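Student: Okay, handing you the structure first.
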Amino acid sequence: MISNASTMKNLIISVFCFLIGISSISAQNWCGTVAHQQSLIENQPEKAAALQERMEQFNRLQKENSAKGIKNNDHYIVPVVFHVIHEGGSENISLDQINDQMRILNEDFARLNPDTTNTPAIFAQNSGDTNIEFRLAKIDPDGNCTQGVTRTYSNLTNGARNNVKELIQWDPTRYMNVWVVRSIENFSEDGNIVLGFAQFPNQLSSDPETDGIVLRHNYCGSIESASSNYGRTLTHEAGHWLNLRHIWGDADCGDDNIDDTPTGQEPNYGVCTGNFPYHVGVCSASSGQTITQSSGEMFMNYMDYSDDFCMNMFSLGQGSRMRSALTQYRNTLISESNLIATGTNDDHVMVECEPITEFEADFAFGCKGDGIEFESKTYNTSLSSITGYQWTFEGGSPSSSTNENPSVTYIQPGTYDVTLTVTNSAGSNTLTKSNYITISSLNAEMTGPYFQSFESEDFPTFENSPASSWTISGNITDSWERVTNASSPNISPINDGQNSASFRIRSLEFIDAGETHTLMTPGIDLSDLNAPVRAYFDLAYAKRSGNTSDILEVHVSDNCGRTWSKRWDRECNENIDDLSTNGGGNVVFPYTPTSAHWEQQNVNINNYAGRSNVSLKFVFSGSGGNWLYIDNFVVCETSQLSLNNDSFSDLNIFPNPSKGDATIEFSLYKDSEIEIALSNLYGAVLAQERMDLKAELNSIQLKELYASLKSGVYFIKITQNGISATKKVVISE
């Protein structure tokens, strides 16, 4: 797609043209590659010039070879590995679904796809086999037999970015890495769903740790969890990985540096065979272009944004550019020695691989006497080849099993290991998950009222009193920690005296953006407490910058942590900040609160009064944030702790997200008139009501305010006597 020279004078294919082009795209940006490129350059501006030079050098060589009539029609094989990042849900796709995606990818690149007849004749004559074939690796980087698939359990599968690549990556000079995830965070923050993104090959030498493709599981292949029966998102992203730009050049009438693709005005959505010819003459052509503008745009090209069933071709010029990308940027990957080393050469002899043991429990926490179901998730071999399972359940009944998916009951409280050994003709593999199952008593040893001020140097683990220990989960390197340089000045009647310590966490240096860290209390017996019952804690937090995105939640469980209900949350981002306690404004890291920054928070747990084993947990997630501190954690009747002087508190919305059936809940400390307002993300008020309410826990159904909200983000604001509280509510289909 060679556009008018004057129009494209400043849009030489470079990292800078991506930055320019992205601003011109206002429609649904389901491919995140351009935004990914922009993000990398913004974070590493010192690399921009080198990246630009490498791309310009590539383009010059391409044009020189074309002018000399030099053609590269060699057949290339690309070794591929799929890294499935999952939490045990549908995103943990099967080998069958991966093989189906590989079938589609190879058919599209070889022009063996069944819908080639839909290509208009004027374009069909310039389409053909790219001579690029993709094969799942059969030997891993350590020389072991593999099916070309790895599986990693991680919550980073949600809203994934480059963070998933830090979990696992095979040498990108030897394999094309594809990460399959539940969802992908939108780099451009335009609110659209991103289906996949890739990294261009000119960045391989400078950013090898992020090279590869990230793909949503439901757009991988055409079977099982796939939402489409065409599976062409990977075809599109593999084109980027091999140095193809979007066909409209990521700018109005832009340049993709391909001579046999007509200039496109913009990405095409919903354009299909019946629309041909489309946008005839909208963009002017240059002297080097081999396709006339009378044929319109090539909306059926894999590098456009048409629907999968409307895509059906690469041009010959695109095939040539991709082969050149392999020889110039990825020549090690396609070398004969690497094909042999990865087991993707024609002469490789297939053998049965040793199993890689993996298993899951339906619940990792439970009460004494609970039954827990275990399921083998072993991979890297066919199930029919497995000759034996050997389970060992510490503290369980039975204590061992040879079933594939056994059920086990735990009689005594404690924390227990689980081991599974799986055997086939190639060998055995054993996995032990230490402290995997936690069983609690039906009646908790800790009783309410309960208080924790984090004063003990042993916190959170008390070896002499395991029942009083707290549990931390998440990345241990960047997790919760006890400090003595900050503490709340508040003194509770339950407390013995002045505090000197607190507990804190921060997301600024999280290894993986968006990772979740939890801090869980021991079980607490609330049998002797009568409603109203609340959990109180002192909070201090300040945001670091406008890019801060932190969330703190409190969840409650009354079945030994088996299931949880969210009862409180606060967040700090560019749209809302009800988490900061310093009065607003950014604070340079590291933040240390003054005595005036501490605010007492309270969580309504009335529904749990009288129950014999109640646990609470703090759930913290985010990125780019400052230190968050908590202190003086209390669970008690409201009469046992003096309340703040606020007229109302504890604004909570649940479930959130919801389908519109959420409940708005808050407490009033005196009979009052309140105003409740519903607004959209842009501040427009959609509904507003005044009502007289009693001094009690009040509940209002969201549907009473607005009966049929569309999917999106909204805000609930409650005002009483000039005091307001705002909470985000998310509606999902």
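Just so we're aligned, residue 1 is where the sequence shown starts under my numbering, counting upward by one.
Think of the CB as a built atom: it goes at the ideal place given N, C-alpha and C, for glycine as much as any other residue.
As the structure is a computational prediction, the values presented were derived from the model and not from experiment.
What separation, rounded to the nearest whole angstrom, lies between the Cα atoms of residue 705 and residue 176?
Tutor: Using only the alpha carbons, I get a separation of about 51 Å.
Student: Over what stretch of residues does the beta strand (DSSP E) that includes residue 702 continue unbroken?
Tutor: Per DSSP, residue 702 belongs to no beta strand (DSSP E); it is in the alpha helix (DSSP H), 702–705.
Student: Determine the DSSP secondary structure at residue 253, reduced to helix, strand or coil.
Tutor: Three-state DSSP puts residue 253 in coil, outside helix and strand.
Student: On a CA-only basis, which of 587, 207, 466 is nearest residue 445? Give me that one, please.
Tutor: Nearest option by C-alpha distance: 466.
Student: Look up residue 520 in the DSSP assignment and give the residues it is bridged to.
Tutor: Its beta-bridge partners are 471, 617.
Student: Can you tell which of 116, 93, 240, 272 has the C-alpha that lies nearest to the C-alpha of residue 221?
Tutor: Residue 221 has its Cα closest to that of 93, out of 116, 93, 240, 272.
Student: Check whether the region 92–106 and the region 147–154 are in contact - that is, three or more C-beta pairs closer than 8 Å.
Tutor: As far as the Cβ criterion goes, the region 92–106 touches the region 147–154, which means the pair count is three or higher.
Student: Can you tell me where the alpha helix (DSSP H) holding residue 555 begins and where it ends?
Tutor: Note, residue 555: premise wrong, no alpha helix (DSSP H); beta strand (DSSP E) at 549–557.
Student: Have a look at residue 240 and residue 319 and give me their C-alpha separation to the nearest angstrom.
Tutor: Roughly 12 Å between the two C-alpha positions.
Student: Smallest Cα separation from residue 75: which of 334, 378, 713, 218?
Tutor: The shortest C-alpha separation from residue 75 is found at 334.
Student: Where does the unbroken beta strand (DSSP E) through residue 739 begin, and where does it stop?
Tutor: Given a span of 1 to 733 for the chain in the structure shown, any question on residue 739 remains unanswerable.
Student: So, are the CB atoms of residue 604 and residue 562 less than 8 Å apart?
Tutor: In this structure, residue 562 does not lie closer than 8 Å to residue 604 by Cβ.
Student: State buried or exposed for residue 233, treating a residue as buried only when at least 16 other CB atoms are found within 10 Å of its CB.
Tutor: Answer is buried; the Cβ neighbour count reaches 16.
Student: Should residue 209 be counted as a contact of the ligand ADP given a C-beta to heavy atom distance under 7 Å?
Tutor: Among the ligands in the structure shown, none appear at all, so the ligand ADP cannot be discussed.
Student: Using C-beta distances below 6 Å, list every residue in its chain close to residue 83, excluding the 5 sequence neighbours before and after it, in chain order.
Tutor: So the qualifying residues of the chain are 150, 168, 179.
Student: When you compare the region 528–542 with the region 567–583, are there three or more beta-carbon pairs, one atom per stretch, that lie closer than 8 Å?
Tutor: Flag = yes, the region 528–542 and the region 567–583 touch.
Student: Give me the Cα-Cα distance between residue 248 and residue 434, rounded to the nearest whole angstrom.
Tutor: Roughly 53 Å separates the two Cα atoms.
Student: If you measure between the beta carbons of residue 409 and residue 396, is that distance less than 8 Å?
Tutor: Yes, these two residues count as a Cβ contact at 8 Å.
Student: Just to check my reading of the structure: residue 212 and residue 165 have Cβ atoms closer than 8 Å, yes? What is that Cβ distance to the nearest angstrom?
Tutor: With 8 Å as the limit, residue 212 and residue 165 qualify as a contact, their Cβ atoms being about 7 Å apart.
Student: In this structure, does DSSP put residue 322 in helix, strand or coil?
Tutor: Looking at residue 322 - three-state DSSP - the assignment turns out to be helix.
Student: Rounded to a whole number of angstroms, what is the C-alpha to C-alpha distance between residue 554 and residue 532?
Tutor: Those two C-alpha atoms are separated by around 18 Å.
Student: Counting pairs of Cβ atoms below 8 Å between the region 398–405 and the region 436–455, do you hit three or more?
Tutor: With the cut-off at 8 Å, the region 398–405 and the region 436–455 do not touch.
Student: Contact check, residue 576 vs residue 621 under 8 Å by CB: the rounded distance?
Tutor: Actually they do not touch by this definition, with Cβ atoms about 15 Å apart.
Student: Answer with buried or exposed for residue 781, where buried requires no fewer than 16 other C-beta atoms within 10 angstroms of its C-beta.
Tutor: This structure cannot settle anything about residue 781, because the visible part of the chain is limited to 1 through 733.
Student: Would you report the Cα separation of residue 664 and residue 701, rounded to the nearest angstrom?
Tutor: Cα to Cα, residue 664 sits roughly 6 Å from residue 701.
Student: By Cβ distance, which residues of its chain are closer than 6 Å to residue 86, with the 5 residues on each side in sequence left out?
Tutor: So the list reads 92, 157, once near-sequence residues are dropped.
Student: From residue 356 to residue 251, what distance separates their C-alpha atoms?
Tutor: Residue 356 and residue 251: Cα-Cα distance of roughly 47 Å.
Student: Quick check: what's the CA-CA separation for residue 159 versus residue 294?
Tutor: Rounded to whole angstroms, residue 159 to residue 294 spans 42 Å at the Cα level.
Student: What are the boundary residues of the beta strand (DSSP E) that includes residue 569?
Tutor: Start and end: 565–572.
Student: Residue 533 bridges to which residues according to DSSP?
Tutor: The partner list for residue 533 (beta bridge, DSSP) reads 637.
Student: Does the region 368–382 come within contact of the region 345–360, defined as at least 3 CB pairs closer than 8 Å?
Tutor: The region 368–382 vs the region 345–360: in contact.
Student: Would the region 266–278 and the region 363–370 be scored as touching if the rule is three or more Cβ pairs under 8 Å?
Tutor: They do not touch, by the three-pair rule.
Student: Need the endpoints of the alpha helix (DSSP H) that residue 39 sits in, please.
Tutor: Start and end: 33–43.
Student: Provide the residue(s) that pair with residue 664 in DSSP beta bridges, ordered along the chain.
Tutor: Answer by DSSP bridge pairing, in chain order: 653, 700.
Student: Per DSSP, which one or two residues make a beta bridge with residue 276?
Tutor: Bridge partners of residue 276: none, in fact.
Student: Quick one: Cα of residue 197 to Cα of residue 623, how far?
Tutor: Rounded to whole angstroms, residue 197 to residue 623 spans 21 Å at the Cα level.
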